[in-house]
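Novice: Going by my numbering, the sequence shown opens with residue 614, and the numbers climb by one from there. I am attaching a structure below and will ask some questions about it afterwards.
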Amino acid sequence: MDNYLSPADVVVLCGSILASLVVGIVYVVKESRHESTSFRYHRGGGKLHLFPVAVTLVVTFESSIFYLGYLSEIYMYGSYYWMQNLGLIVGCLTMFFVTIPLFYPLQITSVYEYLQMRHESQQVRQMAMWLGNVGSLLYAGIVTFGAGTGMEGVTGVSAWIYVIVLTSIAVVYTSLGEIKAVVVTDVVQGVIR
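Spelled out as structure tokens, the structure:
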């Protein structure tokens with residue numbers, strides 16, 4: 614039996630990847646008449662709706678780590694692995710009842726702004742940003758390489774090609790289309806999944 618993708622699978626894969634790029638380009642054209650500000654870039658001008666943002670959060674957690682890692686852990690060691698989700702539930706409830714009510718009235722876009730306000734120190738903010746960026750880069754690298762490894766198994770194309778292509782497309786649609794493009798792309802990818 615052939616372990617590679619069928620032509621229909623390749624069309625769906627390429628279509629979903631190109632859809633991400635097209636969304637970024639569409640938002641560049643659509644939003645070009647507005648001045649680009651930090652508020653528009655990070656918070657969508659305050660006009661993001663609840664459902665698409667919720668889908669974005671869910672799709673963000675459904676990475677290659679989930680599909681390749683968690684499921685194999687459960688297969689190998691049993692469903693007890695899902696107990697870690699109790700911590701996730703506690704974290705989400707804490708965010709919902711403590712963090713969001715604190716951040717929203719302050720009109721800040723990140724925990725780094727809050728740290729600077731709280732400790733009155735630019736150095737604290739910069740250190741936290743540096744550590745956060747290192748963690749995010751490591752996570753993004755693992756997730757992207759995981760997706761590339763999975764695709765290598767079904768296409769025969771090197772995982773590094775997928776890493777380069779997927780990272781380039783993500784950088785383009787994120788930098789061109791701002792947060793709105795990211796949200797719409799996540800919704801499209803969530804529907805495809």
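Note that beta-carbon positions come from the ideal geometry of N, C-alpha and C, so glycine has one too.
#1: May I ask you to report which of helix, strand or coil DSSP gives residue 720?
#2: At 4 residues or longer, and completely inside the region 715–768: list those alpha helix (DSSP H) runs for me, N to C.
#3: Quick check: the Cα distance between residue 734 and residue 745, rounded to an integer number of angstroms?
#4: Out of 741, 707, 682, point me to the one whose CA is closest to residue 723's CA.
#5: Using the Cβ count rule (16 or more neighbours within 10 Å means buried), how would you classify residue 791?
#6: Within this structure, are the beta carbons of residue 795 and residue 666 separated by less than 8 Å?
#7: Quick one: Cα of residue 683 to Cα of residue 648, how far?
#8: Could you check what DSSP says for residue 670 in three-state terms: helix, strand or coil?
#9: Judging by CA-CA distance, which residue of 738, 624, 739, 773 is the nearest neighbour of residue 755?
#10: Quick test of your reading: residue 637 and residue 779, contact by CB under 8 Å. State the CB separation rounded to the nearest angstrom.
#11: Please state if the CB of residue 633 and the CB of residue 727 are separated by a distance shorter than 8 Å.
#12: Can the beta-carbon of residue 758 be found less than 8 Å from the beta-carbon of residue 776?
Specialist: To lay it out plainly:
#1: coil
#2: 724–732, 735–768
#3: 17 Å
#4: 741
#5: buried
#6: no
#7: 43 Å
#8: helix
#9: 773
#10: Contact flag wrong, Cβ pair sits at about 14 Å.
#11: no
#12: yes
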